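Counted from 1, the sequence shown has number 74 at position 60 by the working numbering; the numbering is strictly sequential. The beta-carbon is built from N, C-alpha and C at its ideal position, and this holds for glycine as well. Note that the structure is predicted; figures quoted are calculated from it, not measured. For reference, the structure is listed below as structure tokens.
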Amino acid sequence: MLLTGDGLITHKLRTTTDDQSRAILAGIAELDGAGGAEVIHGSTVATNAVLERKGARVALIATAGFEDVIRIGRQTRPELYNIFVPLPRPLVDPDLTVGIRERLDYTGAVLEAVEPGAIYTLSQVLRARGAEVIAVCLLHSYVNAAHERLVADRLRADGWAVCTSSEVLPEYREYERWSTTVVNAYVTPLIDRYLGRLEQGLGGRRLSIMQSNGGSISAGLARAQAVRTVLSGPAAGVVGARTVASAAGFPRIIAFDMGGTSTDVSLVDDAIPTSTESRVGDFPVRLPVIDIHTVGAGGGSIAHMDTGGALRVGPQSAGASPGPVCYGAGTQLTVTDANLLLGRLDPAFFLGGRMALDRPRTEHCAAGLARALKLSVPELAEGIVRVANANMERAIRVVSVERGHDPRAFTLVAFGGAGGMHACDLAQALEIGTVLVPRQAGVLSALGMLAADVTRDYSATVLKAAADLTIEDLRRVVAPLVDHALADLEGEGFARGEVRLDQQLDVRYLGQSYEITLPLTAGYRAEFDRRHGRLYGYANPGRAVEVVAARVRATGITDKPELPFTRPRRRVRAAAHAVSTGRFDGRDRQVAYFRWPDLAPGAAGRGPCVITGPEATAVIPPGWRFAIDGFGNVVARRGAA
Numbered sequence: 015m016l017l018t019g020d021g022l023i024t025h026k027l028r029t030t031t032d033d034q035s036r037a038i039l040a041g042i043a044e045l046d047g048a049g050g051a052e053v054i055h056g057s058t059v060a061t062n063a064v065l066e067r068k069g070a071r072v073a074l075i076a077t078a079g080f081e082d083v084i085r086i087g088r089q090t091r092p093e094l095y096n097i098f099v100p101l102p103r104p105l106v107d108p109d110l111t112v113g114i115r116e117r118l119d120y121t122g123a124v125l126e127a128v129e130p131g132a133i134y135t136l137s138q139v140l141r142a143r144g145a146e147v148i149a150v151c152l153l154h155s156y157v158n159a160a161h162e163r164l165v166a167d168r169l170r171a172d173g174w175a176v177c178t179s180s181e182v183l184p185e186y187r188e189y190e191r192w193s194t195t196v197v198n199a200y201v202t203p204l205i206d207r208y209l210g211r212l213e214q215g216l217g218g219r220r221l222s223i224m225q226s227n228g229g230s231i232s233a234g235l236a237r238a239q240a241v242r243t244v245l246s247g248p249a250a251g252v253v254g255a256r257t258v259a260s261a262a263g264f265p266r267i268i269a270f271d272m273g274g275t276s277t278d279v280s281l282v283d284d285a286i287p288t289s290t291e292s293r294v295g296d297f298p299v300r301l302p303v304i305d306i307h308t309v310g311a312g313g314g315s316i317a318h319m320d321t322g323g324a325l326r327v328g329p330q331s332a333g334a335s336p337g338p339v340c341y342g343a344g345t346q347l348t349v350t351d352a353n354l355l356l357g358r359l360d361p362a363f364f365l366g367g368r369m370a371l372d373r374p375r376t377e378h379c380a381a382g383l384a385r386a387l388k389l390s391v392p393e394l395a396e397g398i399v400r401v402a403n404a405n406m407e408r409a410i411r412v413v414s415v416e417r418g419h420d421p422r423a424f425t426l427v428a429f430g431g432a433g434g435m436h437a438c439d440l441a442q443a444l445e446i447g448t449v450l451v452p453r454q455a456g457v458l459s460a461l462g463m464l465a466a467d468v469t470r471d472y473s474a475t476v477l478k479a480a481a482d483l484t485i486e487d488l489r490r491v492v493a494p495l496v497d498h499a500l501a502d503l504e505g506e507g508f509a510r511g512e513v514r515l516d517q518q519l520d521v522r523y524l525g526q527s528y529e530i531t532l533p534l535t536a537g538y539r540a541e542f543d544r545r546h547g548r549l550y551g552y553a554n555p556g557r558a559v560e561v562v563a564a565r566v567r568a569t570g571i572t573d574k575p576e577l578p579f580t581r582p583r584r585r586v587r588a589a590a591h592a593v594s595t596g597r598f599d600g601r602d603r604q605v606a607y608f609r610w611p612d613l614a615p616g617a618a619g620r621g622p623c624v625i626t627g628p629e630a631t632a633v634i635p636p637g638w639r640f641a642i643d644g645f646g647n648v649v650a651r652r653g654a655a
């Protein structure tokens with residue numbers, strides 16, 4: 015997506031799976047040529063490296079006697095009653111996990127100093143064992159980082175790439191701090207090479223990288239702390255959804271991003287929520303990220319029959335290559351194929367007519383699975399969509415109902431290539447009255463990157479009872495974080511008046527093992543009780559609370575893209591490009607097909623119909639009506655225009 019003085023220009027290419035930078039550079043060349051525009055980029059390269067185990071060979075240097083912290087983890091099990099759950103395979107091989115004699119106490123006082131000669135010995139051992147990068151994680155380094163700095167300085171002088179836990183995450187909880195640091199070390203060499211190729215191909219353009227927290231950072235920082243980018247693609251989508259929805263008059267939204275492999279959902283109640291309780295694959299990453307829940311259901315999710323003879327959909331995906339059967343190369347039926355068979359895709363105008371879909375090939379492939387399940391092909395296609403919808407409905411309930419929010423009070427904002435095809439069905443199941451499918455639905459993450467501010471997060475461990483802390487004490491804790499933040503953003507080119515500072519606390523009842531993050535104010539205790547009651551159904555104002563950590567988020571305010579707007583003069587009945595047979599609720603129906611670029615603001619119609627654009631498709635089922643708003647978005651409502 016290119017932001018010019020005349021507005022937004024969008025362009026979409028298929029992913030080059032061997033090297034994503036090739037597609038990025040090709041798209042930029044086709045969009046901007048030698049224009050020299052600044053580039054903001056987000057990707058799933060780091061995430062995929064962890065999930066597919068394609069990162070660097072990481073060595074871990076830990077305090078002697080604590081080498082197995084990263085392997086033991088927490089005594090939590092994803093399947094409570096399954097005593098045969100396999101342990102996740104660590105990112106660090108056992109022979110690359112070594113200990114070094116040193117010790118600090120919990121106050122940061124030195125109990126045993128580091129012997130410099132031991133550092134050189136470990137360096138030689140790890141080089142002989144084939145390590146590529148080293149993570150240094152020592153006890154209590156969040157209080158006193160001197161030992162980690164000494165070890166890292168000696169290793170860097172010996173030619174090593176090093177990540178320390180005190181640089182990546184200076185917070186207590188050894189397992190989460192070490193896990194985050196190891197993930198950073200695992201993906202940093204890969205991201206460093208990837209961004210290096212991208213910067214070289216961009217020929218001097220300024221490159222910024224989207225973070226998981228919804229802001230951007232410089233490419234240099236992303237190359238050093240790649241773990242901050244692991245969920246950057248989904249995060250950008252939420253920022254884009256909020257940008258479009260706010261402009262359209264919908265401040266309370268559930269962002270629903272359905273891509274090819276997975277679906278990401280997030281609830282935005284005016285402000286975008288963040289969390290430090292995230293995971294990438296099997297591994298905790300305790301950095302601030304946008305609060306997103308992900309399920310393995312996407313347009314490329316593969317339909318199959320399980321050992322009990324039931325229809326299953328996902329989590330396996332056909333990916334971008336070979337892709338769905340209808341793309342011409344895949345051999346396993348997917349959700350996208352089911353939508354084509356149900357008449358919910360326009361095969362003649364897919365990707366704006368740049369790609370044809372092969373329906374006969376899809377029907378032939380579907381026939382085999384339908385016979386095995388003793389269904390007709392249309393029944394199979396409807397079953398695939400219903401199973402996928404059930405998975406996605408559960409995800410929306412996780413971020414709404416299970417957290418004390420009524421989904422009926424929100425607008426469902428559907429994006430991603432497949433989101434608009436399933437949004438109304440999900441809204442019907444959840445009794446959500448309004449669905450918004452943005453005009454830029456297929457490239458909304460790109461819009462989110464253009465709208466994102468430059469954001470940096472800082473934290474410091476407190477671990478003291480609230481009764482022993484005054485508000486002045488807490489202000490003193492955050493003061494150095496504020497100074498650090500202002501200096502960093504000044505280095506990014508922001509004046510003090512262009513920086514917003516948000517000061518927060520992690521608070522819990524004394525004895526709990528989880529916290530709630532809330533603004534640092536004089537009334538933070540009462541706010542904690544209120545939020546605890548909403549999240550967990552109870553609060554105890556008489557119980558002592560503990561402040562675990564202080565946080566500062568520094569935001570450099572950037573210029574925002576202005577979405578093109580045309581005020582609808584009157585409501586007109588949309589003219590269908592074609593009418594064909596589709597299937598809804600077990601019945602064949604006449605379905606109108608509209609082409610999104612032909613629909614002016616004010617155009618309206620009712621389901622069943624399909625609205626196809628260059629990057630995405632929206633499906634309006636029976637019982638729903640739609641209208642095109644002034645931004646070109648599809649606004650669908652149950653039963654009324």
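For Glu-81, the nearest candidate out of Trp-192, Ser-246, Ala-259 and Phe-363 (CA to CA): Closest option to Glu-81, Cα to Cα, is Trp-192.
Determine whether the beta carbon atoms of Val-110 and Asp-119 lie at a separation below 8 Å. Residue identity check: residue 110 is Leu in the sequence provided, not Val. Against a cut-off of 8 Å, the Cβ pair of Asp-119 and Leu-110 comes out as no contact.
Using the C-alpha atoms, what's the distance from Pro-203 back to Leu-354? Note on geometry: alpha-carbon atoms of Leu-354 and Pro-203 lie some 41 Å from one another.
Proximity to Met-343 [Cα-Cα], best of Phe-364, Leu-371 and Val-491: According to the sequence provided, residue 343 is Ala. The question's Met does not apply to it. Selected option, being the one with the closest Cα: Leu-371.
Taking the beta strand (DSSP E) that Gly-570 falls in, what are its first and last residues? 559–570
Specify, as a first and last residue, the run of the alpha helix (DSSP H) that Gly-254 falls within. 246–262
With a cut-off of 8 Å, do at least 3 Cβ pairs link the region 492–509 to the region 566–585? Look at the beta carbons and you see the region 492–509 touching the region 566–585: at least three pairs across the two are nearer than 8 Å.
If Met-14 and Met-463 are in contact, beta carbons under 8 Å, what's the gap, nearest whole angstrom? The shown model of the chain, from 15 to 655, leaves out residue 14, and the question about it has no answer.
By Cβ distance, which residues of its chain are closer than 6 Å to Ala-592, with the 5 residues on each side in sequence left out? Tyr-607
Here's the rule I'm using: 16 or more other beta-carbon atoms within 10 Å means buried, otherwise exposed. How should Tyr-472 be labelled? buried
Neighbourhood of Tyr-186 by C-beta distance below 7 Å, restricted to the same chain and skipping five residues each side: Tyr-156, Thr-475 and Leu-477
For Leu-519 versus Val-413, is the C-beta distance shorter than 8 Å? no
Chain-order list of residues whose beta-carbon lies under 7 Å from that of Asp-296 (same chain, five-residue window excluded): The residues are Pro-102.
I need the boundaries of the alpha helix (DSSP H) containing Ile-114, first residue and last residue. That residue, Ile-114, is in no alpha helix (DSSP H); its beta strand (DSSP E) goes 111–114.
For Pro-374, the nearest candidate out of Glu-190, Leu-347 and Leu-389 (CA to CA): Leu-347
Rounded to the nearest angstrom, what separates Ala-250 and Glu-291 at their Cα positions? 19 Å
What is the DSSP secondary structure of Glu-393, counted as helix, strand or coil? helix
Would Met-272 and Ala-460 be called neighbours here (beta carbons separated by less than 8 Å)? no
For Arg-639 and Thr-448, what's the separation of their Cα atoms in angstroms? 10 Å
Just to confirm before moving on: does the CB-CB distance between Val-566 and Val-521 stay below 8 Å? Pairing Val-566 with Val-521 gives a Cβ-Cβ distance that is not under 8 Å.
If you count every other CB in all the chains shown that lies within 10 Å of the CB of His-154, and 16 or more means buried, which is it? Per the 10 Å Cβ criterion, buried.
Quick check: the Cα distance between Asp-33 and Leu-65, rounded to an integer number of angstroms? Those two C-alpha atoms are separated by around 17 Å.
From which residue to which residue does the alpha helix (DSSP H) around Val-157 run? In this chain, Val-157 is not harboured by any alpha helix (DSSP H), its DSSP state being neither H nor E.
CB contact flag (Gly-79, Gly-113, <8 Å): Yes, the pair counts as a contact, with Cβ atoms nearer than the cut-off.
Using three-state DSSP, classify Gln-454 as helix, strand or coil. Coil.
C-beta atoms of Pro-622 and Ile-642 nearer than 8 Å: no
Simplified DSSP assignment, three categories, for Met-369: Reduced to three states, the DSSP call for Met-369 is coil.
By a C-beta neighbour count over all protein chains shown, 10 Å radius and 16 as the cutoff for buried, is His-378 buried or exposed? exposed
Residue interval of the beta strand (DSSP E) (run including Ala-428): 425–429
Where does Trp-610 fall in DSSP's three states? helix
Of the residues Val-349, Leu-245 and Leu-17, which one's Cα is nearest the Cα of Thr-288? Comparing Cα positions, the closest option is Leu-245.
Contact check, Val-349 vs Gly-312, beta carbons under 8 Å: Yes; because the gap between Cβ atoms is below 8 Å, this pair is in contact.
Between Pro-130, Phe-270 and Leu-365, which lies nearest to His-25 when the distance is taken from Cα to Cα? Looking at the Cα atoms, Leu-365 is the closest of the given residues.
Using 8 Å for Cβ pairs, my map puts Val-391 next to Leu-356. What's the rounded Cβ distance? In fact, because the Cβ distance is near 10 Å, the residues do not count as touching under 8 Å.
What is the residue span of the beta strand (DSSP E) that Gly-434 lies within? Gly-434: not part of any beta strand (DSSP E); member of the alpha helix (DSSP H) spanning 433–444, first to last residue.
My understanding is that Thr-194 touches Arg-300, with C-beta atoms under 8 Å, so please give their C-beta distance in whole angstroms. 5 Å
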